[in-house]
Amino acid sequence: MVVILFDGVCNFCNTTINYILDHDGGRHQFASLQSAYGQSILDQLNRPSLDFDSVLLWEDGHIYEKSEAALRIARHVKGWKWLWIFRFLPLSIRDRVYSLIARNRYRWFGKRESCRLPSPEERLRFVG
């Protein structure tokens, strides 16, 4: 199982998830970090329950975060596969860019009052 855990109230994150849903060939499952499933993952990782500053990717028994998660997701999404080339950049540089976007995402893209509700067709791809 490959699960993307994302900030469910972030407009940028939700727009990204919508794109992935339409272009990943059904590869990924999803859960918001605010959901019971997302909270259990944060608990297992000994992270604060309000730690929504990074997308998390659960893949092959490993958890990836920040730029590593984003690039691993992108390499399986039509139109974004070319981004995988950035894996050759040092992690510290990639994560600095990721953190800049994460810090400003609400200001630049806005925030919702609640997490997105998947359509009936999408529900099968959401865990928890």
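Going by numbering that gives the first Met the number 0, the residue at position 75 of the sequence shown is 74; the numbering climbs one at a time, nothing skipped. For every residue, glycine included, the Cβ atom is placed at its ideal position computed from N, Cα and C.
Proximity to residue i [Cα-Cα], best of the options
i    : options            : result
E120 : V8, F5, M0 and D21 : D21
H75  : R104, D59 and R26  : R26
DSSP-derived helix/strand/coil call for residue i
i    : result
K77  : coil
C114 : coil
E58  : strand
E64  : strand
Cβ distance (whole Å) where residue i is taken to contact residue j below 8 Å
i    : j   : result
A30  : G37 : 5 Å
S53  : K65 : 5 Å
L32  : L4  : 5 Å
Y105 : C9  : 7 Å
W83  : A73 : 6 Å
Per DSSP, cross-strand counterpart(s) of residue i
i   : result
Q28 : V2
Worksheet item: Okay, do the segment 88-98 and the segment 110-120 touch, 3+ Cβ pairs below 8 Å being the bar?
Response: no
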